[in-house]
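Residue numbers (the working numbering): 169 to 754.
A virtual CB, placed ideally from N, CA and C, is assigned to each residue, including glycine.
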C-alpha cells in the first residue's frame with residue numbers, strides 16, 4: 169500500500185492518500201499518478217522481477233508511462249518500449265457505468281504530465297489522442313488509454329463482456345461489438361473470508377441460519393440503539409425491533425447508492441408498498457453514495473426519509489454508516505438478498521455471491537453473475553426484465569413482477585413448515601445456493617480462469633519471443649504502419665445478392681483481390697462478414713491463393729436478411745493474433 173502520509177512531505181501532499189473517494193478531480197488525478205508512477209518506483213526499489221502487470225480498471229493507467237520511461241532508460245526506443253509493455257500489461261474493466269471510468273481535462277493533465285510526455289518523445293496532441301473515447305471529446309479517458317496499450321482485456325462477467333464490447337466499440341473501427349477482443353472472466357468471492365465460520369461447525373442448515381440471523385439482529389440492536397441519533401430515526405428503529413416477528417422474512421438490500429441500483433423502487437410503486445405493508449416482511453437497507461454522485465446522495469436521503477413513514481415505519485430499517493462489519497453480518501444473517509439494477513448495469517454483483525455462500529437466497533434482476541445461473545439450481549429467483557426502453561414503464565412493470573414473486577413464490581416457500589417448524593423447501597434451496605456459489609463463484613475458480621486465459625498465455629508470449637524475433641516484429645509493425653494506406657481492394661466476386669435471394673444453406677464462393685503496395689502480402693488476411701437482423705455475426709475466413717487473391721466457400725445456415733462486408737486485416741505471425749488497429753472494410 170502506497171501512502172503519502174510521511175513526515176518529510178508537506179501537508180498538502182500528505183493529504184493525497186488520506187481518503188479514497190474525494191470529490192475533487194485534481195485530487196483523484198494525484199492519487200492515480202501516485203498509483204501509476206509509484207508502482208514502478210516500488211518495483212525498482214525492491215528489485216522485483218515482475219513479468220506481468222494486471223491493471224484493475226483505468227486507475228493504474230499512468231503506470232504505462234512509467235514503464236515506458238523505465239524501458240527507454242534500459243535502451244529501448246519509444247516504439248519498442250510500447251510493444252514490450254504491451255506484452256506485459258493485462259487490463260480488467262470493472263464497470264458498465266460510464267461515470268465509473270475516470271477521465272480528465274487536458275489542461276489538468278498538462279499540469280502534471282507535460283514534461284513526462286515530452287521526455288518520452290511523444291507529441292502532446294498525440295498523447296491526448298491516445299486517451300480519447302469516441303464521442304467524448306475534450307477528456308482523457310484512462311480506460312481508452314489502457315484499451316489501446318494493454319495486451320489483453322477482460323470484463324468481470326459474461327453479460328458485462330457484451331456490455332463492454334458495446335461501450336468500447338468506437339475504439340475498434342471495422343468490427344462489430346460482439347467481435348471485440350474482450351473476454352469474460354466472472355468475478356468470484358473468497359469462501360473462507362465471507363462464509364460464516366459457523367457453517368464449518370454444523371451440518372444443521374436451518375439451525376445454523378437461525379443462529380446467524382439472531383447474531384445479525386443483536387448486532388443491529390447494539391449498533392443502532394446504544395448511541396444517540398435523530399429522534400425520528402430512534403423511534404423508527406425501536407419500532408422495527410419491537411415489531412420483529414421471528415417468522416418474518418428478513419430481506420437485505422445493501423449496496424452503493426446509485427440511480428441504476430433503484431433503491432427507490434421499493435417505495436414508489438403500489439404493488440410493492442402493499443406487499444411490504446400486508447405481508448410478514450422486514451427489509452434492512454444499507455449503503456453509501458459516491459461523494460460526487462449527487463443523484464445517489466439524493467436517493468439515499470429519500471430512502472432514509474421514506475423508511476420513517478407509514479407503511480414502512482417498523483417494517484423497513486435503514487442502517488447508516490455502511491461498512492465491512494455491517495456487510496458481513498448482513499450477508500450471513502438475512503433470509504433473502506435483493507438486487508434491483510437496471511438490466512445491463514451490474515458488472516458482476518459479488519455481494520450476492522457472498523450471501524449465497526451463507527445460504528441466503530438471491531432475488532434479483534438477471535444481471536451480472538445472476539445472468540449466468542439457472543435460478544432454480546442456484547436456489548433463488550430471477551425477476552423478469554421488461555423489454556420497454558421507457559424507464560417509467562420498465563420500473564413499474566419490474567416492481568409488479570417482484571411483488572408477484574414475493575407473494576406467490578418466496579413467501580409461500582418460507583412459510584411452509586414441517587412439524588418441527590422447519591421450511592424444508594427453503595432449506596433445500598439454501599443448500600443448493602451454498603453449493604452453487606462455492607463451486608462456481610469462488611476466487612479459486614476465478615483465479616484459475618485468470619491463470620489459464622490471461623496469465624499463462626501472456627507469459628508464454630513474453631518468454632517465447634526471442635530478442636531477434638522481437639526486433640523482427642518491431643520492423644514488421646513499422647512496415648504495416650507506414651504502408652497500410654497503400655492497401656487497395658481491386659475486386660470482390662460474390663453472388664448477385666442485390667438481384668435475387670440466395671438459397672439457404674447453399675454454399676457459394678467469394679473471391680477478393682487486393683493490391684498490397686509495399687505491405688508484406690503474407691501479413692494480410694481476409695474474411696467476409698455477415699450480420700443478421702438480430703445482430704448475430706458470422707465471419708468466414710478466405711484463404712490466400714497467391715498474387716493478392718483470397719478465396720473461400722461460404723454457407724449461411726439460417727434464412728434471413730443480412731448485411732455483409734469484406735474485411736482485410738493485418739495478421740501478427742509472431743504472436744499468432746489479429747492486429748486490431750489495421751483493418752480495411754469494403
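According to DSSP, is residue 170 helix, strand or coil? coil
For residue 409, report the span of its alpha helix (DSSP H) as first-last. 399 to 410
Anticipated Cβ contact below 8 angstroms, residue 239 with residue 219, distance rounded: With 8 angstroms as the limit, residue 239 and residue 219 do not qualify as a contact, their Cβ atoms being about 14 angstroms apart.
So for residue 206, helix, strand or coil by DSSP? Residue 206 falls in the helix class under three-state DSSP.
Between 511, 268, 527 and 538, which lies nearest to residue 518 when the distance is taken from Cα to Cα? 538
Going by DSSP, name the residue or residues bridged to residue 714. DSSP lists 717 as the beta-bridge partner residues of residue 714.
Would you kindly work out how many angstroms separate the C-alpha atoms of residue 411 and residue 482, rounded to a whole number? Taking the Cα positions, residue 411 is about 6 angstroms away from residue 482.
Which listed residue (321, 407, 448 and 502) has its alpha carbon closest to that of residue 476: 407
Could you spell out the range, first to last residue, of the alpha helix (DSSP H) harbouring residue 501? 492 to 501
Rounding to the nearest angstrom, what Cα-Cα distance links residue 226 and residue 396 in this structure? Their Cα atoms are separated by approximately 41 angstroms.
Would you identify the three-state DSSP class for residue 213, choosing helix, strand or coil? Assigned with DSSP and collapsed to three states, residue 213 falls in helix.
Given this structure, state the Cα-to-Cα distance separating residue 671 from residue 731, to the nearest angstrom. 16 angstroms
Contact under 8 angstroms by Cβ, residue 352 with residue 329: yes
Selected residue, minimal CA-CA separation from residue 436, among 420, 282 and 474: 474
Since residue 740 is in the beta strand (DSSP E), which residue starts that stretch and which ends it? 730 to 740
Please report the residue range of the beta strand (DSSP E) in which residue 661 lies. 656 to 661
Looking at residue 325: is its Cβ nearer than 8 angstroms to the Cβ of residue 536? yes
On the criterion of 16 or more Cβ atoms from any shown chain inside 10 Å, does residue 420 qualify as buried, or is it exposed? buried
Rounded C-beta distance between residue 317 and residue 232? I'm assuming under 8 angstroms. Indeed, because the Cβ distance is near 6 angstroms, the residues count as touching under 8 angstroms.
Using the rule of at least 16 other Cβ atoms within 10 Å of the residue's Cβ for burial, across every protein chain shown, is residue 178 buried or exposed? exposed
Provide the residue(s) that pair with residue 752 in DSSP beta bridges, ordered along the chain. DSSP output for residue 752 lists 736 as bridge partner(s).
Assuming residue 678 and residue 710 make a contact with CB atoms under 8 angstroms, what is their CB distance in whole Å? 6 angstroms
Quick one: what does DSSP say residue 340 is sitting in, helix, strand or coil? coil
Of the listed residues 380, 260, 342 and 299, nearest to residue 323 (C-alpha basis): The option with the nearest alpha carbon to residue 323 is 260.
With a cut-off of 8 angstroms, do at least 3 Cβ pairs link the region 447 to 454 to the region 571 to 583? Pairwise C-beta distances place the region 447 to 454 in contact with the region 571 to 583, as three or more of them are shorter than 8 angstroms.
Does the pairing of the region 298 to 314 with the region 512 to 528 give three or more beta-carbon distances under 8 angstroms? no
My assumption, with CB atoms under 8 angstroms, is that residue 380 sits in contact with residue 500. Please give the rounded CB distance. 5 angstroms
Figure out for me which residue from 568, 616, 640 and 713 has the closest Cα to the Cα of residue 741. 640
Please give the ranges of any alpha helix (DSSP H) in the region 249 to 322, keeping only runs that are unbroken, at least 4 residues long and fully inside the region. 274 to 287, 292 to 298 and 310 to 317
According to DSSP, is residue 561 part of a helix, a strand, or is it coil? helix
So residue 533 packs on residue 553, CB below 8 angstroms; how close in whole Å? Confirmed, about 6 angstroms.
Three-state class that DSSP yields for residue 222 in the structure shown: Note: residue 222 maps to strand in three-state DSSP.
Buried versus exposed, by CB contacts within 10 Å (16 or more), residue 612: Classification for residue 612: exposed.
Does DSSP put residue 698 in a helix, a strand or coil? Strand at residue 698.
State the DSSP-derived secondary structure class of residue 386, mapped to helix, strand or coil. helix
Determine, using beta carbons only, whether residue 409 and residue 389 come nearer to each other than 8 angstroms. Yes, they are a contact pair.
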